[in-house]
Structure formats: structure tokens, C-alpha cells
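> Take a look at the following structure, please.
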Amino acid sequence: MRWGLLLLVLLALGCRGQQLPGAYQELERALQQQDLLALASLAADPGFAGLVAARTLAADPTLSALERAPHALAWARFLEQSRAFEPGFTPRTAWAQAAPLLEAAGMRTEAIEAYTRLLPAPEAVSGLRRLTSGDDLYHRLYAGKAYEALVEVLPEGVRPDLRAPALYRLGRYREAIPAYREWSKTDPKGLYGLGWSLYLSNQQALGIQTLARYDLRESRFAQGAWLQSQGQIPQAIAAYRESTPEGQWRAAGLLEQGGRLREALLVYLQLARPQPASDRSSSPASFRDDAAYRAWVLARQIGAGELERQAYTLLGGGLAVLAGKPLEPKLAPALPPLAQEPSAIPIARALAQHGKTEWARGELRYALLQTSDPSSQLALLRELQALGAYRETIRSARELPPSRAVLEVVYPRAYAEWVEKYAQANGLEPSLLWGLMWQESHFDPQAVSRTGAQGLLQFTRPTWEDVARMLGETSGDRFDPETSIRYGARYLRWLYDRCTFVDEAERWPCAVLAYNGGIGYVRRGIEASGSLKNFLRFQEREEPREFLPSVLEAYAYYHYLY
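Quick note, in this note's numbering, the sequence shown goes up one by one and the last residue is 565.
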């Protein structure tokens with residue numbers, strides 16, 4: 004009898020140990036029993052469990068629009084704010100569900116918010132046209148890139164400042180000209196669009212004359228482009244030098260191509276130097292890094308020692324790594340320790356132990372939205388990252404002061420066992436494989452690019468099948484993390500083995516470039532330009548030029564941190 008009682012006690016304790024934490028136990032019961040009253044009670048309370056209940060009620064067709072609409076709105080707003088990368092956590096899908104419910108429920112302001120989020124979809128345009136009008140409608144359509152709809156609803160002669168750029172963005176340059184002319188009567192900004200519309204309507208000379216009347220950097224850039232197209236290179240250089248950072252970059256390139264290397268070097272140095280706070284937007288960091296690297300290359304080429312030292316000091320980002328400059332991050336002080344970890348963390352751990360990983364991640368995301376304390380945010384991000392949410396935690400951690408602990412979240416050792424295994428098998432540094440994966444997908448195994456590349460290492464189908472043939476196997480799943488890492492390591496090594504047309508020190512950078520642009524493109528470009536350094540400066544594609552520095556910077560951080 005005594006042993007029987009003990010067994011009952013142990014069973015009871017075991018059952019209690021199996022219970023979900025907090026409101027999640029009631030949520031699980033209500034979902035299993037389809038208890039709408041219990042779900043409604045949960046949805047009225049704050050917390051992620053309440054949001055799961057709200058999501059369920061919003062999708063229930065037995066409820067009226069008036070009952071469903073507030074729940075649909077709560078779920079959509081949470082997804083919009085949390086910016087999660089996870090199937091089922093897509094804000095647009097939630098807004099598409101919420102918008103018609105809100106409209107049917109008579110919640111006009113909220114329905115307008117929902118439809119605005121869905122622009123430029125036709126159903127969003129129709130919804131907004133039913134619910135609002137005038138300037139409010141026009142501004143929403145323009146901001147939402149619903150340009151066709153905007154042109155359709157705008158009365159003739161009304162808001163030329165919106166009609167003109169809408170027509171321009173639709174490529175209807177001739178139609179945009181009268182609207183820009185009307186706008187320019189009251190605002191000189193209209194001259195800029197008018198000049199470009201004329202230029203793109205085969206009225207180049209008149210377009211350039213018009214742009215000259217709008218005496219700002221953007222107009223001088225356009226003048227430089229036109230002069231360059233006419234073969235008037237000295238005049239183009241002069242216009243470019245007084246224009247935007249891109250124009251100054253072009254001016255330096257033209258000077259180089261004309262053999263005026265020292266002049267080009269001085270333009271690069273000017274572009275590379277940090278700008279005053281009041282003028283910081285005039286020289287984006289991407290141009291500063293590129294310009295500093297090119298200044299360093301030219302200074303070494305012409306033997307300008309002092310200018311080389313200046314350029315070296317200005318080197319930053321991944322191109323500094325290419326120049327052999329050690330990474331020297333400016334670390335923020337360590338965040339203050341927490342007296343107690345956020346309450347969401349033990350709840351999330353318990354949920355994960357019960358196999359409720361989606362709920363665990365949701366609990367942490369909800370907690371992140373409730374706190375502005377950096378120490379709490381870091382603790383929550385670490386926990387969320389431990390549950391596989393790399394992409395969003397990297398993005399969020401980059402918004403925190405860059406202490407070493409924060410950088411370890413920005414540059415995590417994701418999939419460490421597989422990375423180290425397949426890096427070693429292919430003679431790679433794990434840091435390089437991590438850096439490549441960081442750039443390609445931020446460790447999101449479900450990542451899909453606009454061109455159809457998939458997985459952690461963003462393989463297109465033809466390249467994926469090529470690597471499978473190298474390995475003598477049937478191609479696997481591009482979304483499988485281990486297979487993607489295995490194929491990526493093999494492919495990167497294969498590219499390195501074929502980068503024999505550059506110096507030994509440049510073979511890994513060459514392989515990284517080829518990973519993005521293709522080995523044939525990189526080989527032809529380097530052979531035509533004479534060196535990898537010149538190829539980086541004068542290649543015709545923009546993406547490979549940006550890809551290599553990003554990978555190398557991540558690689559340097561992994562070396563620094565681990």
C-alpha cells in the first residue's frame with residue numbers, strides 16, 4: 004500500500020512536470036478543445052499566449068467580422084513590430100486577413116492602416132479608395148508605390164508634385180514632362196525631374212540645360228553623365244567632381260583611365276575622409292571604404308609614401324582586410340549585468356523542452372518588444388538565437404552598442420559542428436565559411452533570393468547540381484543546413500583551386516568573388532584589367548564589388564572574436 008501511494012505521488016509530480024508554463028497550459032487545453040470562450044479570455048490578456056489565442060480566433064469562420072477583427076489586428080501588429088523570419092510569421096499575410104475584417108467591422112482607421120500595409124496590391128488600392136480620399140489617399144498610394152492607381156485617381160492639374168514622379172517611376176517620361184513643368188513653377192525640385200524626363204525622352208540637350216537650372220549635386224552628376232556619353236571627358240570630370248559621391252567616384256575613375264593617377268589618388272582621398280556631421284550624407288560609408296582602398300592601391304603604385312600612409316589610416320571594412328590591415332573594432336563598454344534574467348527566458352526554455360519551439364520564440368519576441376533595456380535585450384536575443392533565429396537576432400543585435408558580447412550575437416558560430424567538420428575536410432578556415440554564410444543568408448536555412456538562390460549558402464539549382472556531380476552523388480535538398488554547408492565548402496575549395504591566375508595571397512579573395520560572380524566572369528575580368536585590384540575597381544557588375552568586402556569583414560570579425 005505504501006509503495007502504491009508513493010507511485011501515485013511520483014506520477015502526479017511527473018504529470019506536473021509535464022505541464023506547460025503559465026498561460027500556455029490553458030492555451031493548449033483551449034486549442035485542443037476548441038474552447039472559444041477560453042481563447043477569448045486569453046486573447047484579452049497581454050503576452051504571446053494571448054496573441055496565439057487571438058490568431059486562432061481571427062481565423063475562425065464561425066465568428067463574425069466584428070468578433071474576429073480586433074484579434075486579426077493584434078496579430079498583424081505584433082508581426083509587423085517583431086519582424087520575425089519564420090514561416091507563419093509573415094506580416095503581409097496577417098494584414099491581408101485583417102484588412103477586410105476591419106473594414107467589415109466598421110473599424111475604418113484600422114482598416115486604412117491594414118490596406119496601406121498591403122500596397123501596391125490591387126485589393127489594397129480598392130480598399131483605400133472605399134475608405135479615404137483626397138490628399139490622404141494620394142499620399143498613401145504614392146508612398147505605397149501604387150503609381151498606376153495614383154495616376155488614375157488624381158484629377159488633372161491636381162498635385163503635380165505626385166503625378167510627375169509617379170509617371171517617371173512608371174517609365175512614362177513624356178507624360179511626366181507637363182506635370183514636372185507645372186510643379187517647377189512653384190518648387191525648383193520639379194526642375195530636376197523635368198530635366199531627367201526630357202533627357203530620357205531623347206531630348207538630351209534640353210534636359211541638361213534644365214538640370215543646370217537646378218544647381219545641386221544631383222544635377223551636376225547628371226551633367227557629368229551626359230558629358231561623358233558625348234566623349235567630353237575633361238568637362239565630365241569637372242562636373243562629376245562637384246557632384247555626388249558617386250560622381251566623385253566616377254571622376255576618379257576617369258582620371259585613372261586617362262593616366263592621371265596622382266589626381267585620381269587625391270580625389271579618392273577626399274572621398275575617403277570622414278565628412279562633418281552636417282554633411283555626412285554626402286559620402287556614404289561604402290564609397291569611403293572603396294575610395295580609401297583605391298587610394299592605397301594607387302599610392303603604392305606611384306610610390307607616394309605619405310599618401311599611402313594616409314590612405315592606410317582611412318582603410319576600413321572588408322577592403323582593409325584585403326590590404327592586410329588588422330581589424331581594430333571600437334568596442335563599446337560591456338553592458339551592465341542583469342540582477343535577474345528576464346522572466347520570458349525560463350518560460351521559453353520550458354516551452355522548448357515541451358517541443359513548443361514556435362511558442363518559445365514568440366515568447367522571447369514579445370518580451371523584446373516590451374523592453375528598452377539593452378542588457379535585457381541582449382539576454383533575450385541570445386536565447387532567441389539559441390533557438391535558431393539567427394537572421395533576426397543578427398539584425399536586432401546590430402542596433403545595440405557594439406560590446407564584445409553583442410558582437411558575438413552579430414557574428415555567431417552557427418552550425419559550428421558542421422562548419423568545422425567540412426571546413427577541415429576541404430582545407431578552409433572555418434572563419435571564412437562562417438563569413439560567407441553570414442553574407443549569403445545570415446544563417447537562415449530557408450532564405451530565398453530574388454534570383455531563386457536557396458538555403459544557407461544561396462545555391463542556384465545549376466550550381467547545386469554541379470557540386471553534386473563533383474561529389475559523385477544525387478543532389479540533395481538546398482534547404483537542408485548540413486548539406487548546404489557541405490556543398491558550400493566543397494564549391495569554395497573548387498573555386499580556390501581554379502584561381503591560379505592571381506597571386507597566392509589573392510586566391511581566397513578570388514574564390515569568394517567567383518562564388519558570387521562565377522569563375523568565368525572573374526577570370527575574364529582579372530585578365531582584362533590586369534589584376535584583382537583593378538578588377539574590383541572597374542568591373543561592370545556592382546554586386547561582386549560589394550560582396551567581397553562584406554564577406555571579408557565578417558571573416559575578420561570571426562577571427563577577432565574566436
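Glycine included, every Cβ here is placed at the ideal spot set by N, Cα and C.
Is Arg133 near Lys148, with beta carbons less than 9 Å apart?
Not a contact, by the Cβ cut-off of 9 Å.
> For Trp186, collect the residues of the same chain with a Cβ closer than 7 Å to its Cβ; drop the 5 residues on either side in sequence, then sort them by chain order.
For Trp186, where only same-chain residues beyond five positions count, the Cβ hits under 7 Å are Pro163, Asp164, Ala167, Gly193.
> In three-state terms, what does DSSP make of Phe550?
Phe550: helix per DSSP, three-state reduction.
> Taking 9 Å as the cut-off, decide whether the C-beta atoms of Gln457 and Val554 are in contact.
Result no, Cβ atoms of Gln457 and Val554 do not sit closer than 9 Å.
> Whose C-beta lies closer than 6 Å to the C-beta of Tyr271 among residues of the same chain, with five residues either side of it excluded?
Ala255, Ala294, Arg297, Ala298.
> Are the Cβ atoms of Ser85 and Leu371 separated by less than 9 Å?
Yes, these two residues count as a Cβ contact at 9 Å.
> If you draw a straight line from the C-alpha of Arg303 to the C-alpha of Leu535, how long is it?
Answer to the nearest angstrom: the Cα atoms are 15 Å apart.
> Can you list, in chain order, the residues of its chain with a C-beta nearer than 8 Å to that of Leu381? Leave out the 5 residues immediately preceding and following it.
Excluding residues within five positions, the ones whose Cβ falls inside 8 Å are Leu338, Ala400, Leu403, Ala408, Val409, Val412.
> What are the boundary residues of the alpha helix (DSSP H) that Tyr565 is part of?
Careful: Tyr565 lies outside any alpha helix (DSSP H) and carries neither H nor E.
> Identify which residue in Glu221, Ala75, Ala152 has its Cα closest to the Cα of Ala117.
Taking only the C-alpha atoms, the option nearest Ala117 is Ala75.
> Can you list, in chain order, the residues of its chain with a C-beta nearer than 7 Å to that of Glu386? Leave out the 5 residues immediately preceding and following it.
Closer than 7 Å at the Cβ level, and outside the excluded window around Glu386, lie Ile348, Ala351, Leu367.
> From Pro49 to Phe446, what distance separates their C-alpha atoms?
One C-alpha to the other measures close to 31 Å.
> Between Ala77 and Leu42, how many whole angstroms is the CB-CB distance? I'm expecting something under 8 Å.
Not really, about 13 Å apart at Cβ, beyond 8 Å.
> Answer yes or no: do Val515 and Phe541 have a C-beta to C-beta separation smaller than 9 Å?
For Val515 and Phe541, no; Cβs fall outside 9 Å.
> Short check: CB of Gly475 to CB of Thr463, under 9 Å?
Against a cut-off of 9 Å, the Cβ pair of Thr463 and Gly475 comes out as no contact.
> If you compare alpha carbons, which of Ala26, Pro377, Glu178, Pro433 is closest to Pro340?
Per the Cα distances, Pro377.
> How big is the Cα-Cα spacing for Glu83 and Ala127?
Near 17 Å, if we compare the C-alpha coordinates of Ala127 and Glu83.
> Can you list, in chain order, the residues of its chain whose CB lies under 7 Å from that of Leu153, leaving out five sequence neighbours each side?
So the qualifying residues of the chain are Tyr141, Leu144, Tyr145, Leu165, Ala169.
> What are the boundary residues of the alpha helix (DSSP H) that includes Asn537?
Segment 535-541, the alpha helix (DSSP H) holding Asn537.
> In the DSSP assignment, find the alpha helix (DSSP H) that holds Gln457 and state where it starts and stops.
First-last for Gln457: undefined, no H or E at that position.
> Sorted by chain position, which residues of the same chain lie with C-beta nearer than 7 Å to Arg283's C-beta, five sequence neighbours on each side aside?
For Arg283, the predicted structure reports a pLDDT of 46, less than 50, and the residue's modelled location is therefore unreliable. A value from the coordinates is still provided. Same-chain partners within the cutoff: there are none.
> Let me know the secondary structure DSSP gives Cys513 once reduced to three states.
In the structure shown, Cys513 sits in a helix (DSSP, three-state: H, G or I).
> So for Val270, helix, strand or coil by DSSP?
Correct three-state label for Val270: helix.
> Taking the alpha carbon of Arg364 as the point to measure from, which residue in Ser487, Ser444, Gln388 has its own alpha carbon closest?
Residue Gln388 is the option with its Cα nearest to Arg364.
> Can you tell me whether Gly319 is buried or exposed, with buried defined as 16 or more other CB within 10 angstroms of its CB?
That one is buried.
> From Ser452, Ala471, Ala99, pick the residue whose C-alpha is nearest to that of Gly491; which is it?
The candidate whose alpha carbon is nearest that of Gly491 is Ala471.
> I'd like to check one pair, Leu122 with Ala114: are the Cβ atoms closer than 9 Å?
No. Outside cutoff.
> Looking at Ile529: is its Cβ nearer than 9 Å to the Cβ of Val505?
Yes, the Cβ-Cβ distance between Ile529 and Val505 is below 9 Å.
> On the three-state DSSP scale, how would you describe Phe92?
The answer is coil: DSSP assigns Phe92 none of H, G, I, E or B.
> For Glu468, collect the residues of the same chain with a Cβ closer than 6 Å to its Cβ; drop the 5 residues on either side in sequence, then sort them by chain order.
So the qualifying residues of the chain are Ser478.
> Unbroken alpha helix (DSSP H) runs of length 4 or more, entirely within the region 334-364: which are they?
Segments of the alpha helix (DSSP H) lying fully in the region 334-364: 347-356.
> When the Cα of Phe224 is compared with those of Gln206, Gly198, Ala353, which residue comes out closest?
The candidate whose alpha carbon is nearest that of Phe224 is Gly198.
> Taking just the CA atoms, how far does Tyr561 sit from Tyr150?
C-alpha separation (whole angstroms): 44 Å.
> Alpha carbon to alpha carbon, how far is Thr466 from Gln373? Give it in angstroms, no decimals.
The alpha-carbon atoms of Gln373 and Thr466 are separated by roughly 44 Å.
> Below 6 Å CB to CB, which residues in the same chain sit around Ala108 once its five sequence neighbours on both sides are set aside?
Excluding sequence neighbours, Ala108 sits near Ala68, Leu69, Ala72.
> Run through the region 181-221 for me and flag every whole alpha helix (DSSP H) of 4 or more residues, listed as ranges in chain order.
Runs found: 192-203, 207-216.
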